[in-house]
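Asker:
Protein chains: 2
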Amino acid sequence: MDTNKLMPLLADMAILVTVVEQGNFSKAARKLGITPSAVSRQISRLEDALGIKLLQRTTRQLALTESGKITFDYCKQMVESAEQAVNASRSATSTVSGLLRVAAPKSLANQVLRPLFVEFLKCYPDIQLHLKVTDRILDPIHDGVDFLIHINDYPIEALVNVKIGRVEQVLCASPDFLANHTLPTHPDDLKYLPCICLGENMTDNRWRFSNKNQKTTVEVTGSYLLNHSEMRRDAIEQGFGVGSLPDYTAQKGIEAGKLIPLLKDWHLQCSYHGDICLQYVQSKYMPNKNRVFIDFIKQKSLEIQQDS
Amino acid sequence: MDTNKLMPLLADMAILVTVVEQGNFSKAARKLGITPSAVSRQISRLEDALGIKLLQRTTRQLALTESGKITFDYCKQMVESAEQAVNASRSATSTVSGLLRVAAPKSLANQVLRPLFVEFLKCYPDIQLHLKVTDRILDPIHDGVDFLIHINDYPIEALVNVKIGRVEQVLCASPDFLANHTLPTHPDDLKYLPCICLGENMTDNRWRFSNKNQKTTVEVTGSYLLNHSEMRRDAIEQGFGVGSLPDYTAQKGIEAGKLIPLLKDWHLQCSYHGDICLQYVQSKYMPNKNRVFIDFIKQKSLEIQQDS
DNA sequence: GTTTATTTGTGTCCATGAGGCACAAGTCCT
DNA sequence: AGGACTTGTGCCTCATGGACACAAATAAAC
Chain A
6 MDTNKLMPLL ADMAILVTVV EQGNFSKAAR KLGITPSAVS RQISRLEDAL GIKLLQRTTR
66 QLALTESGKI TFDYCKQMVE SAEQAVNASR SATSTVSGLL RVAAPKSLAN QVLRPLFVEF
126 LKCYPDIQLH LKVTDRILDP IHDGVDFLIH INDYPIEALV NVKIGRVEQV LCASPDFLAN
186 HTLPTHPDDL KYLPCICLGE NMTDNRWRFS NKNQKTTVEV TGSYLLNHSE MRRDAIEQGF
246 GVGSLPDYTA QKGIEAGKLI PLLKDWHLQC SYHGDICLQY VQSKYMPNKN RVFIDFIKQK
306 SLEIQQDS
Chain B
6 MDTNKLMPLL ADMAILVTVV EQGNFSKAAR KLGITPSAVS RQISRLEDAL GIKLLQRTTR
66 QLALTESGKI TFDYCKQMVE SAEQAVNASR SATSTVSGLL RVAAPKSLAN QVLRPLFVEF
126 LKCYPDIQLH LKVTDRILDP IHDGVDFLIH INDYPIEALV NVKIGRVEQV LCASPDFLAN
186 HTLPTHPDDL KYLPCICLGE NMTDNRWRFS NKNQKTTVEV TGSYLLNHSE MRRDAIEQGF
246 GVGSLPDYTA QKGIEAGKLI PLLKDWHLQC SYHGDICLQY VQSKYMPNKN RVFIDFIKQK
306 SLEIQQDS
């Protein structure tokens, strides 16, 4: 059965259900807000389309035929499903309130997510957003968070993952700095330049690079180590050395000419490099507050993609 | 949710299902035989009606929103039910063949049901009708019959019962007979008249009468006993005495003036007096041959009611 | 018996709205 | 940069669903 053949019959089936439940055409017509003659025609049309007589009817009594009973049962199911579809939609908009716990990394939260969360809360004033800013990757089940946002090319497989964006690390220096130093054309050149590292782990001074063909690792040195991207941007702009920045942190500085991107052909592998992942525990029927949050973030990530 | 609000949305829901299953508007439009713009508009209309965004869509990709997923599930159910309704109707007309076993009492079968069965077999040439004519009331389960037709005001409660008509017993005599005897005005008068009994049971000569207010029993006598209604009609017409006939047996004779109905104010209780019952075993999904038989008999009984 | 009210069904007419068409805007691929 | 394909919108046309009037049938009322 093709859907295009089916569609005009759907309304007729709904009318059939009303007729059977009301007991006659006239009552059904009143309930449907149309005239009895319209009801009569629709039922006839349905009978013609299905090829069977559904109702045994005289002017004074109405009854389903035996063949019609089965058809009616399915029609009733059909209407009930449709009603449930509508009810599901209504309840999806009605109660969007409660607590929503979200974990996100510091830098991303401050520079990218902040305006999103503000707008979200304005859209849904009855939702209370509890934002846990941390660079640790929390466990949604044990750490009591509903959503986990993190930057990673390998999202947690046990959780649903929605890619809502991507962060690239850009290696930068200030124009002043470059005027006084040799412009690096290969990762190895960085050995001889002061570099600004994160300094969170012991290996943070081992920068791993890759391009289409090769991989290489460079051990860099520098006098300023800090794990705050905006402060690092400031340090780079001040000419303290070469440093890596998330693209969203670097973008304005590059546009303003305060930062010069380096080694564009190479990718810098580090913890702040990869897809922005929105992850949460799988469940068929989640609360509305969760659903609207996912939809909102997805929507915004699409809009951001369009803008860029 | 009123049905009249729901109806215009049903087709839109079907379109939504097609869109999601096809993956984009254009493919869905091709499948539905309409233009993509029409699809776009219907989806928008559905979203407006439901008050939620169902699909997150750009020009290159399409995805259900979280809120939309639940709505979609119900819409899919809705379409599936509708398809089942259509399929049920198709199969109801496709295979109407096989053996149908019907038990009916002699007199009714010969004088009333015979033309119905003939017409039924002409309508459904692939059905084989096995008619068991007997005045015993058979057990549909143990005696291997699908339908049981009998005359009784108290149908078997374990079976589904469809009243397809009514038989009244009429007490008659011939004009010749009445010319030579006193016209009875009360059941008691029958004691002094020759009466024609069925003679099947020992108590068949005890005729029980009732009217609005009273009941009475008369023990009658006569020289001719026979349990075949048409032969009994003949005996009455020949002036052998007063006898009871089913109304359908007496009708022609009364109209032709060969029979005179007696004691019209009284009802004669006997085995051939009551509703004509079509009974069969309850089952939700019976074979098509059974369904069309029920529908046919119901339909004919309605037409007979209209004629009379 | 007659009337009255209510039922289903069938014409005819008309307004609503669904869909086609053309086009715009956006996106991916080459 | 250009081509192919996407979704979305304005405009117009025509099919269709429904109102209306009426007929036929039936059950109840009187």
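Protein chains in written order, with our numbering: chain A, 6 to 313; chain B, 6 to 313.
Even glycine gets a Cβ: it sits at the ideal position worked out from N, Cα and C.
What do you get for residue 236 of chain B, buried or exposed, if any count of 16 or more other CB atoms within 10 angstroms of its CB means buried?
Answerer: So residue 236 of chain B ends up on the exposed side.
Asker: Would you call the segment 255 to 270 of chain B and the segment 176 to 195 of chain B in contact, with 3 or more CB pairs under 8 Å?
Answerer: With the cut-off at 8 Å, the segment 255 to 270 of chain B and the segment 176 to 195 of chain B touch.
Asker: Does the Cβ-Cβ distance between residue 14 of chain B and residue 54 of chain B come in under 7 Å?
Answerer: In contact: residue 14 of chain B and residue 54 of chain B (Cβ atoms closer than 7 Å).
Asker: On the criterion of 16 or more Cβ atoms from any shown chain inside 10 Å, does residue 188 of chain A qualify as buried, or is it exposed?
Answerer: Classification for residue 188 of chain A: exposed.
Asker: Measuring alpha carbon to alpha carbon, tell me which residue in A:41, A:75, A:39 and A:8 is nearest residue 297 of chain B.
Answerer: Ranking the options by Cα distance to residue 297 of chain B, first place goes to A:75.
Asker: Using 6 Å as the cut-off, classify the Cβ of residue 82 of chain B as near or not near the heavy atoms of the ligand HEM, replying yes or no.
Answerer: By its list of ligands, the structure shown contains no ligand whatsoever, and the ligand HEM lies outside what it can speak to.
Asker: With DSSP run on the structure shown, which of helix, strand or coil describes residue 187 of chain B?
Answerer: Three-state result, residue 187 of chain B: coil.
Asker: How is the alpha helix (DSSP H) around residue 51 of chain A delimited, first residue to last?
Answerer: That run of the alpha helix (DSSP H) goes 41 to 55.
Asker: Under 8 Å between beta-carbons, which chain A residues line up against residue 23 of chain B? List them in chain order, please.
Answerer: Within chain A, the residues near residue 23 of chain B are 8.
Asker: Only counting the same chain, and skipping five residues up and downstream in sequence, which positions put a Cβ closer than 7 Å to that of residue 294 of chain A?
Answerer: Excluding sequence neighbours, residue 294 of chain A sits near 101, 102, 103, 105 and 132.
Asker: Under a Cβ-count criterion, where at least 16 other Cβ atoms within 10 Å of its own Cβ denotes burial, should residue 28 of chain B be classed as buried or exposed?
Answerer: Counting Cβ neighbours within 10 Å, residue 28 of chain B comes out exposed, since fewer than 16 surround it.
Asker: Chain B beta carbons: is any one of them nearer than 7 Å to that of residue 16 of chain A?
Answerer: So, interface residue.
Asker: What does a CB cutoff of less than 6 Å around residue 270 of chain A pick up in its chain, not counting 5 residues either side in sequence?
Answerer: If we look at residue 270 of chain A and ignore the five residues flanking it on each side, its Cβ neighbours are 216.
Asker: State the CB to CB distance for the pair residue 57 of chain A and residue 99 of chain B, rounded to an integer number of angstroms; the pair is presumed to be in contact (CB under 8 Å).
Answerer: Contact doesn't hold; Cβ gap of about 11 Å is too wide.
Asker: Measure the C-alpha to C-alpha separation of residue 70 of chain A and residue 214 of chain B and round it to an integer number of angstroms.
Answerer: C-alpha separation (whole angstroms): 38 Å.
Asker: Nearest CA to the CA of residue 8 of chain A: which residue from B:61, B:48 and B:85?
Answerer: When each option's Cα is compared against that of residue 8 of chain A, the closest is B:85.
Asker: If you follow the beta strand (DSSP E) that residue 108 of chain B is part of, which residue opens it and which one closes it?
Answerer: 103 to 109 is the extent of the beta strand (DSSP E) around residue 108 of chain B.
Asker: Helix or strand or just coil, what does DSSP make of residue 285 of chain A?
Answerer: Residue 285 of chain A: strand per DSSP, three-state reduction.
Asker: If residue 195 of chain B sits next to residue 225 of chain B, beta carbons under 8 Å apart, how far is it from one beta carbon to the other, in whole angstroms?
Answerer: That belief holds up - the Cβ atoms of residue 195 of chain B and residue 225 of chain B are roughly 5 Å apart, short of 8 Å.
Asker: Counting only beta-carbon atoms, is residue 153 of chain B nearer than 7 Å to chain A?
Answerer: No, because no Cβ of chain A sits closer than 7 Å to the Cβ of residue 153 of chain B.
Asker: Considering only the beta carbon of each residue, do residue 166 of chain B and residue 89 of chain B sit closer than 7 Å?
Answerer: No; because the gap between Cβ atoms is not below 7 Å, this pair is not in contact.
Asker: Name the DSSP beta bridge partners of residue 133 of chain A, please?
Answerer: Paired residue(s): A:104.
Asker: Does DSSP put residue 280 of chain B in a helix, in a strand, or in coil?
Answerer: Looking at residue 280 of chain B - three-state DSSP - the assignment turns out to be strand.
Asker: Taking Cβ-Cβ distances shorter than 8 Å, what residues in chain B pair up with residue 268 of chain A?
Answerer: Residues of chain B passing the Cβ test: none, with the nearest at roughly 32 Å.
Asker: How should residue 200 of chain B be labelled, buried or exposed, when 16 other C-beta atoms within 10 angstroms of its C-beta is the threshold for buried?
Answerer: So residue 200 of chain B ends up on the buried side.
Asker: Which residues in the same chain as residue 302 of chain B place their Cβ atom closer than 6 Å to its Cβ, once the five residues preceding and following it in sequence are excluded?
Answerer: For residue 302 of chain B, where only same-chain residues beyond five positions count, the Cβ hits under 6 Å are 169 and 283.
Asker: Can you give me the start and stop residues for the alpha helix (DSSP H) that residue 121 of chain A sits inside?
Answerer: Its alpha helix (DSSP H) spans residues 119 to 128.
Asker: Is the CB-CB distance between residue 222 of chain A and residue 211 of chain A below 7 Å?
Answerer: A contact, by the Cβ cut-off of 7 Å.
Asker: Residue 79 of chain B to residue 20 of chain B, Cα distance in whole Å?
Answerer: C-alpha separation (whole angstroms): 13 Å.
Asker: Drop a sphere of 10 angstroms on the beta-carbon of residue 123 of chain B, count the other beta-carbons inside from all chains shown, and report buried for 16 or more, exposed for fewer.
Answerer: It is exposed - the Cβ of residue 123 of chain B has fewer than 16 other Cβ atoms within 10 Å.
Asker: Just to confirm, is the Cβ distance from residue 163 of chain A to residue 137 of chain A under 7 Å?
Answerer: For residue 163 of chain A and residue 137 of chain A, no; Cβs fall outside 7 Å.
Asker: Which chain A residues sit within Cβ distance under 7 Å of residue 94 of chain B?
Answerer: Those are 55, 56, 57 and 76, listed as they occur along chain A.
Asker: Based on Cα-Cα distance, which residue from A:252, A:73, A:30 and A:305 lies nearest to residue 92 of chain B?
Answerer: If we check each option's Cα against that of residue 92 of chain B, A:73 comes out closest.
Asker: Under 7 Å between C-beta atoms, does residue 40 of chain B make it to chain A?
Answerer: For residue 40 of chain B, the answer is no, since every Cβ of chain A falls outside 7 Å of its Cβ.
Asker: Quick one: what's residue 201 of chain A bridged to in DSSP?
Answerer: According to DSSP, residue 201 of chain A bridges with A:248.
Asker: What residues in its chain sit with their C-beta under 8 Å from that of residue 313 of chain A, if we drop five residues either side in the sequence?
Answerer: Per-residue confidence for residue 313 of chain A stands at a pLDDT of 48, beneath the threshold of 50, marking its modelled position as unreliable; no derived number is given.
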